[in-house]
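Scroll down for the structure; my scribbles are underneath it.
Protein chains in written order, with the working numbering: chain X, 46 to 264; chain A, 46 to 264.
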């Protein structure tokens, strides 16, 4: 294979790799292996690659996330992709700014670019599924019951009385609200589908902090 | 009190507060309470404030962090401050770029500004202590033994065989390396001080993801 552009730059500037070096390589949505660098020039490199093992196992977790600010969404997508979350459903909420839904970050290619950065970070190749649901009510009423069926169903809520479970080791679906939180009416919609409000403390954390914290505590 | 500038803008644009509204307020390194808005004009607002309770309890955790990129450090400082970490020691490591130590973010005022943003997010007022140790060897040899004395001493290491403990509920000191990890030689320096290498999985996570994840799993 021949690498140029961003990945070439990364190999040269970060790995400082030269001919003969071995790098971890992977095929998107396929296997992982090793690449031996055979040629380097000023704009590209060539590798002999072989693929001999499967990517790491995904968590049994679906994350429902109220759409955050575009800049934050980029970082959260990278984080959840690096943490092996297989599915993210981005939903609306009363406290989500309407303009966020117009952001170019929500384009399929832009989402995939962030997910790939997370996969590269974690040496994974299996792209998470990202679904956009800009209308909360029909999503919760029509899709959520079957998504949540059989799964531990949790909604993060700083004022909840139930602490977030630890190390659950079962299929889980977790909803995280916007900065400012879901409205009580929205939380009721989730609890009507069998979701339990859970807390990791009354401190209000920003989305990019609370998502890795909740995943680490749960999984 | 009279607010203008960033805090005034936040109250108007995010809280959309008007005269009569009550806001959570706090005095830095002091108590927390309530402010009632009495006047608003186009550049400032006035509040009657009363302070009637103490800030949330800090975690019994010292975080030792290899200096990350300045942009990442800003976010990590906000995150640890919002998660009630009382002390952060920023250290050098072979894989830390030397230029990072010249960054203006390491100035006392800039560090405090990020910590205050984290405190505001979490409704806390007690500023964490941040120490800079640009030389790893004398820090580990001269200061670390007494800092680690009596505490659960852990160093995050993706290839460790021991899983990171959960919900320890005891005084803990946790070291987190740079992207690329501590060198084996550096890890040996920590283990010689009684640190145990622990892992939350073989996936390599970026610093701003792994820090909230480790804190959530430990505390």
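C-beta atoms are modelled at their ideal positions from N, C-alpha and C, and glycine is treated no differently.
Taking the alpha helix (DSSP H) that residue i falls in, what are its first and last residues?
i: residue 83/X; result: Taken as a continuous stretch (DSSP letters only), residue 83/X belongs to no alpha helix (DSSP H), being part of the beta strand (DSSP E) at 77-85.
i: residue 211/A; result: Element bounds for residue 211/A: n/a, residue is neither H nor E.
i: residue 235/X; result: 229-237
i: residue 163/A; result: 153-167
i: residue 255/A; result: 252-263
i: residue 123/A; result: 115-127
Taking DSSP's pairing of strands, which residues face residue i in a bridge?
i: residue 185/A; result: Residue 185/A is not bridged to any residue.
i: residue 198/X; result: 218/X
i: residue 132/X; result: 107/X, 174/X
i: residue 98/A; result: 77/A
i: residue 89/X; result: 49/X
i: residue 241/A; result: 199/A
i: residue 207/A; result: 243/A
When the cut-off is 8 Å and only beta carbons count, does residue i lie next to chain A?
i: residue 55/X; result: no
i: residue 62/X; result: no
For chain X, check one thing: does any of its Cβ atoms lie closer than 8 Å to the Cβ of residue i?
i: residue 251/A; result: yes
i: residue 262/A; result: yes
i: residue 245/A; result: yes
i: residue 8/A; result: Not covered by the structure: residue 8/A. The range shown for chain A is 46 to 264.
i: residue 248/A; result: yes
i: residue 124/A; result: yes
How would you list, in chain order, the residues of chain D whose beta-carbon sits under 8 Å from the beta-carbon of residue i?
i: residue 75/A; result: Included in the structure are the protein chains X and A, with no chain D among them.
In the DSSP assignment, find the beta strand (DSSP E) that holds residue i and state where it starts and stops.
i: residue 145/A; result: No beta strand (DSSP E) holds residue 145/A; DSSP gives it neither H nor E.
i: residue 109/A; result: 106-111
i: residue 68/A; result: 67-71
Give the interface partners of residue i over in chain A, defined as CB-CB distance under 7 Å, in chain order.
i: residue 200/X; result: Chain A residues near residue 200/X: none, gap ~17 Å exceeds 7 Å.
Can you list the residues of chain X that residue i reaches, using a CB-CB cut of under 7 Å?
i: residue 257/A; result: 254, 257, 258
i: residue 66/A; result: What residue 66/A touches in chain X: nothing, since even the nearest Cβ is about 15 Å away.
Below 9 Å on C-beta distance, what does residue i contact in chain A?
i: residue 229/X; result: Chain A residues near residue 229/X: none, gap ~18 Å exceeds 9 Å.
Residues of the segment 126-144 of chain A with Cβ closer than 9 Å to any Cβ of chain X, in chain order: 127, 128, 129
Against chain X: residues of the segment 163-176 of chain A by CB proximity under 8 Å: 166, 167, 168, 169
Chain A contacts made by the segment 208-225 of chain X, where a contact means CB separation under 7 Å: 211, 212
Members of the segment 100-117 of chain A that neighbour chain X once the beta carbon cut-off is set at 7 Å: 101
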